[in-house]
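Protein chains in written order, with the numbering used here: chain G, 15 to 156; chain C, 15 to 156; chain D, 15 to 156. From the three backbone atoms N, C-alpha and C, an ideal C-beta is built for every residue, glycine too.
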Amino acid sequence: MIWAQHEIRLSPSERGFHLITRQVIDALPELREVRVGLLHLLIQHTSASLALNENASPDVRRDFEAWSDQAVPERARYWTHTAEGPDDMPAHIKAALFGPTLTLPVSQGRLALGSWQGIYLCEHRNSGGARSLVATVCGEPG
Amino acid sequence: MIWAQHEIRLSPSERGFHLITRQVIDALPELREVRVGLLHLLIQHTSASLALNENASPDVRRDFEAWSDQAVPERARYWTHTAEGPDDMPAHIKAALFGPTLTLPVSQGRLALGSWQGIYLCEHRNSGGARSLVATVCGEPG
Amino acid sequence: MIWAQHEIRLSPSERGFHLITRQVIDALPELREVRVGLLHLLIQHTSASLALNENASPDVRRDFEAWSDQAVPERARYWTHTAEGPDDMPAHIKAALFGPTLTLPVSQGRLALGSWQGIYLCEHRNSGGARSLVATVCGEPG
């Protein structure tokens, strides 16, 4: 049985949705040794999130940002937590909607994703700074 | 320690929310051997998703579709990724909101769900075609 | 390898978002024995959910409720499942958006959360009653 855990440090990204699949895989050499298993990712923040979606077109990622901004508007009348700026409270909501974790299957040393699936860092703040992931790999060795 | 992994092939479904609990369980004979464990499911697509909700009333599943269509409208002015049809970009957003994975507890050989919980296939495209799940079972044998 | 599973019974909460991190940890003595592992939580209901977000300001949790009520309105024209009251069908949708499960990393006997992250019970019904969690701990002993 393999258990491994790493912190992955993501340098600051601009607000929006960013592909990080390659960066995640490269940080986890143990993945290659797993015949059947799981990879778990947690982003240790409350205003950024992780998602799994289309890995090809930048249009798709731009439209995620456009929809999010419309569905969770800044400066709505119902916000009371406004001291940290107009982008803060919407960022908390968006982070909870897309979610702070991903669990993904590992098969024969590789993530068993669909052909079009990639891991997104969803940065919901204007200046979110560096972000930390905790990556946990578990599985049966090959 | 039990580790098992299967692909589950779902035949094409019409757009909407569909109960697949029975189909998932029937595809996983190893579940019965697990005393304490987890079942992880990934749908390997970016325009369909998995959810866990009310397993009785078809009204509930119809209302999931109605709410989704209103919250993520087709033909909104902010979509730029429109080449694959008006249902495509909303499908990507809905897929990320409901999410591509489910992790569920296994106890004494059965999924430890609440009485009213069932697994939904959420088909967000008009003609999504067949869909693939990767199911990973892990746990302690009974 | 450690595998443990517990039911955690949450007494009735008023509609809204409530921090339950301490209560969850206190119910799981095995966490302290895990060097590297995972904690999985399932809420066994279809009108309440779990989230991970800001653990300090009550304003944030109040704004989660305000946004949810606006994004999934009661008495919208498209609801057909209305027999259990106006808060029922919106509660099902909110429960699926925030999600019924959380999987969290365990490191050196503790949940490896960010400094500002806490576990929320999201109670979407006016009178939801007591709620049950199934908590599953797995990992490598320290």
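- Interface with chain G (8 angstroms Cβ-Cβ cutoff): residue 34 of chain C is excluded.
- Linking residue 69 of chain C to residue 131 of chain C through their CA atoms gives a straight-line distance of about 5 angstroms.
- CA-CA distance, residue 32 of chain G to residue 107 of chain G, rounds to 18 angstroms.
- Of G/40, G/114, G/83, the smallest CA-CA separation from residue 63 of chain G is found for G/114.
- DSSP lists G/20, G/55 as the bridge partner or partners of residue 149 of chain G.
- Excluding five sequence positions before and after residue 93 of chain G, the CB atoms of its chain that fall closer than 7 angstroms to its own CB belong to 103, given in chain order.
- Taking a C-beta distance under 8 angstroms as the contact criterion, residue 74 of chain C and residue 154 of chain C do not qualify as a contact pair.
- At a cut-off of 8 angstroms between beta-carbon atoms, residue 103 of chain D makes no contact with chain G.
- Taking 8 angstroms as the cut-off, the beta carbon of residue 56 of chain D is found no closer than this to the beta carbon of residue 127 of chain D.
- Residue 135 of chain C is positioned such that its CB atom lies closer than 8 angstroms to that of residue 27 of chain C.
- Between residue 45 of chain G and residue 156 of chain G, the CB-CB gap reaches or exceeds 8 angstroms.
- If you draw a straight line from the Cα of residue 88 of chain G to the Cα of residue 19 of chain C, it comes to about 44 angstroms.
- Within the segment 27-98 of chain C, the complete beta strand (DSSP E) segments of 3 residues or longer fall at 30-33, 48-57, 62-68, listed in chain order.
- Within the segment 68-84 of chain D, the residues whose Cβ lies closer than 7 angstroms to any Cβ of chain G are, in chain order, 68, 71, 73, 74, 76, 77, 78, 80, 81, 84.
- By a beta-carbon distance limit of 8 angstroms, residue 42 of chain D does not contact residue 111 of chain G. Their separation comes to about 27 angstroms.
- In this model, residue 21 of chain D and residue 53 of chain C are separated by some 17 angstroms (Cα to Cα).
- At a cut-off of 8 angstroms between C-beta atoms, residue 131 of chain G counts as an interface residue with respect to chain C.
- Spanning the alpha carbons of residue 76 of chain G and residue 97 of chain C requires a straight line of approximately 15 angstroms.
- The Cβ-Cβ distance between residue 149 of chain G and residue 38 of chain G falls below 8 angstroms.
- Between residue 116 of chain D and residue 125 of chain D, the C-beta gap is not smaller than 8 angstroms, which leaves the two residues out of contact.
- By the neighbour-count criterion, in which a residue is buried when 16 or more other Cβ atoms sit within 10 angstroms of its Cβ, residue 139 of chain D is buried.
- Only 106, 107, 109, 110, 111, 113, 114, 115 from the segment 104-116 of chain D bring a Cβ to less than 7 angstroms from some Cβ of chain C.
- Within chain G, the residues 110 have their CB atoms less than 7 angstroms from the CB of residue 65 of chain D, given in chain order.
- Not a single CB atom of chain G sits nearer than 8 angstroms to the CB of residue 20 of chain C.
- By the Cβ neighbour-count rule, residue 36 of chain D is exposed, with fewer than 16 other Cβ atoms within 10 Å of its own.
- Residues of chain D whose Cβ lies closer than 8 angstroms to the Cβ of residue 90 of chain C do not exist, since the nearest Cβ in that chain is about 15 angstroms away.
- Judged by their CB atoms, residue 66 of chain D and residue 133 of chain D are nearer to each other than the 8 angstroms cut-off.
- Here residue 78 of chain C has 31 as same chain residues with Cβ atoms under 6 angstroms from its own Cβ, once five neighbours each way along the sequence are excluded.
- At least 8 angstroms separates the beta-carbon of residue 151 of chain G from that of residue 34 of chain G.
- Straight-line spacing of the CA atoms in residue 109 of chain C and residue 72 of chain D works out to 30 angstroms.
- Between residue 85 of chain G and residue 90 of chain C, the CB-CB gap reaches or exceeds 8 angstroms.
- Proximity of residue 95 of chain G to chain D, defined by a Cβ-Cβ separation below 8 angstroms, is satisfied.
- Under the DSSP assignment, residue 111 of chain D falls in the alpha helix (DSSP H) whose first and last residues are 102-112.
- Considering only beta carbons, the part of the segment 26-56 of chain C lying closer than 7 angstroms to chain G consists of 54, 56, in chain order.
- Residues 108 of the same chain have their beta carbon placed closer than 7 angstroms to that of residue 82 of chain D, with the five preceding and five following residues left out of the count.
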